[in-house]
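*Asks:* Going by our numbering, the first residue of the sequence shown is number 49, and it counts up by one from there.
Beta carbons: idealized from backbone N, C-alpha and C, even for Gly.
Let me begin by handing over the structure; questions about it come next.
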Amino acid sequence: MKRVVVSVLAALGLLAQASAGDLSMNFLAAYYIPNLAGYQSSGFAPITYTPVEGKDAPNALRTLGSTWGGAEAKVAFSYSDSMPFMVGEGLMAGNNVKGQATLELSPVSINTVGQVSLTPIAFLVFNTGAGLGTGWTAGPFQGLALNPASNDVSSVDLTPFGGVVWRVWGAGTFQFDLAALMPGDWNHVVVVATSKVEYRAYTGAQNGQAWLYEADGGENFNGAKFYGTYILGYQMPLKVNFVGFMAESDEWIGDVRNYSTMASGGWGSDFRTWQLGSLTNVQFGERDSLLVLVQFKQARDYTDATTRNRSFETRVYEAPYWYFNRIALSYTHKF
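This is the structure we're talking about:
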């Protein structure tokens, strides 16, 4: 979600206009709509609040769906500063370098992130950064764990504070505003396209060993991923100042991509995940804004015979399927 917020800020032209010494708080809340993960469906998994119950060890089967869905919550405090860099005329008038430090907290994790962005010309932004984090267990929510390729339900190895999850990345963003060619408050048709390569690893896991972080699906490996974020939107001089359409993709690159490919009858390590959705940003004065995201997602549909296996590494990829993923709210306050 963090990269979504950054992309929308780029679309609104705020990245190049940050004032010196900005301190902000962002609160994210999301609701995930339940479905049966493609089980006994073709192409689209409908919403359902009636789960297919799992079975206990030794031959554990996971429960598909839930009676209430899922939730996510995270708060982030960020400090950013910028300075002019290689400023010229025309498209180079707003050139700058921006640094940002962020502290993120969730019920099961803490992360620190630092990043630097360079705008060498109005329509390009380059970004690099790094982050460190760790997690713990809070009731039924698992913040950090190893996820062995076993269908024994007890094989999930909870490792609260058992190591550090670290990541480094590099990204490039192309941004275009029609109003740059046709000036006018109502002419802001914007396009933002971001490509990002990120390497992420958990110090408590060996290469090739799956792990879980921040109560996700536990399908993480030490390795690199490619992320794409693409936004087409319209900016307006109103309280609802931005509406748009967003597409996101992510896929493994490097060694992980070949772990268990679709063509080999594996779980689909070379699968590209897509998310499509709408964006709406509401501005409350100069300091407060609310971003609303409604999102559908494409994921791996496994064979009905293996989709209930506890470990994703023991499932067999069959086809892609779509589902209604989440409704997310991201509230930002600038101090």
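Alpha carbon to alpha carbon, how far is Ala197 from Ala258? Give it in angstroms, no decimals.
*Replies:* Distance between the alpha carbons of Ala258 and Ala197: 8 Å.
*Asks:* How would you write the range of the beta strand (DSSP E) that Trp184 sits in, first residue to last?
*Replies:* Here Trp184 belongs to no beta strand (DSSP E), and DSSP marks it neither H nor E.
*Asks:* In angstroms, rounded to a whole number, what distance separates the CA positions of Val237 and Leu327?
*Replies:* Cα to Cα, Val237 sits roughly 14 Å from Leu327.
*Asks:* Looking only at C-alpha atoms, which of Ser165, Leu280 and Lys287 sits nearest to Gln148?
*Replies:* Nearest C-alpha to Gln148: Ser165.
*Asks:* Scan the region 319-366 and note each continuous beta strand (DSSP E) run of 3 residues or more that stays entirely inside, going in chain order.
*Replies:* For the region 319-366, whole beta strand (DSSP E) runs of length 3 or above, ordered along the chain, are 321-332 and 336-350.
*Asks:* Please give me, in chain order, every unbroken run of the beta strand (DSSP E) with length at least 3 that falls completely inside the region 259-317.
*Replies:* Those beta strand (DSSP E) runs which fall completely within the region 259-317 and span 3+ residues are 259-261, 271-283 and 288-301.
*Asks:* Exposed or buried, Ala124, counting other C-beta atoms within 10 Å across all chains shown (16 or more means buried)?
*Replies:* Ala124 comes out buried.
*Asks:* Just verifying my parser: in three-state terms, what is the DSSP assignment at Ser203?
*Replies:* If DSSP states are grouped into helix, strand and coil, Ser203 belongs with the helices.
*Asks:* Since Gly302 and Tyr250 should fall inside the 8 Å C-beta cutoff, what is the C-beta to C-beta distance between them, to a whole number of angstroms?
*Replies:* Not really, about 16 Å apart at Cβ, beyond 8 Å.
*Asks:* Taking Met73 as the reference, give the member of Ser126, Ala219 and Gly276 with the closest Cα.
*Replies:* The shortest C-alpha separation from Met73 is found at Ser126.
*Asks:* Need the endpoints of the beta strand (DSSP E) that Asp225 sits in, please.
*Replies:* Looking at the DSSP string, the run of the beta strand (DSSP E) that includes Asp225 is Val213 to Asp225.
*Asks:* Kindly identify the DSSP beta-bridge partner or partners of Gly233.
*Replies:* Sequence inspection shows Asp at residue 233; the Gly mentioned does not correspond to that position. None, per the DSSP bridge assignment.
*Asks:* Cβ of Gly117 within 7 Å of Cβ of Leu84?
*Replies:* Going by C-beta atoms, Gly117 is not nearer than 7 Å to Leu84.
*Asks:* State yes or no: is the C-beta of Trp300 within less than 7 Å of the C-beta of Arg363?
*Replies:* No, Cβ-Cβ distance for Trp300 and Arg363 is not below 7 Å.
*Asks:* If you measure between the beta carbons of Gly276 and Ser317, is that distance less than 7 Å?
*Replies:* Contact: no.
*Asks:* In chain order, what are the residue ranges of uninterrupted beta strand (DSSP E) at least 3 long that sit wholly in the region 62-100?
*Replies:* Runs found: 70-80.
*Asks:* Grouping DSSP H, G and I as helix and E and B as strand, with all else coil, what is Ala178?
*Replies:* Here Ala178 sits in strand by DSSP.
*Asks:* Quick one: Cα of Ser308 to Cα of Asp298, how far?
*Replies:* Approximately 17 Å between the Cα atoms of the pair.
*Asks:* Measuring alpha carbon to alpha carbon, tell me which residue in Pro99, Gln323, Ser378 and Thr351 is nearest Ser337.
*Replies:* Of the candidates Pro99, Gln323, Ser378 and Thr351, the one whose C-alpha sits nearest the C-alpha of Ser337 is Ser378.
*Asks:* When you compare each of Thr380, Arg320 and Ala347 to Val340 by their alpha carbons, which one comes out closest?
*Replies:* Looking at the Cα atoms, Thr380 is the closest of the given residues.
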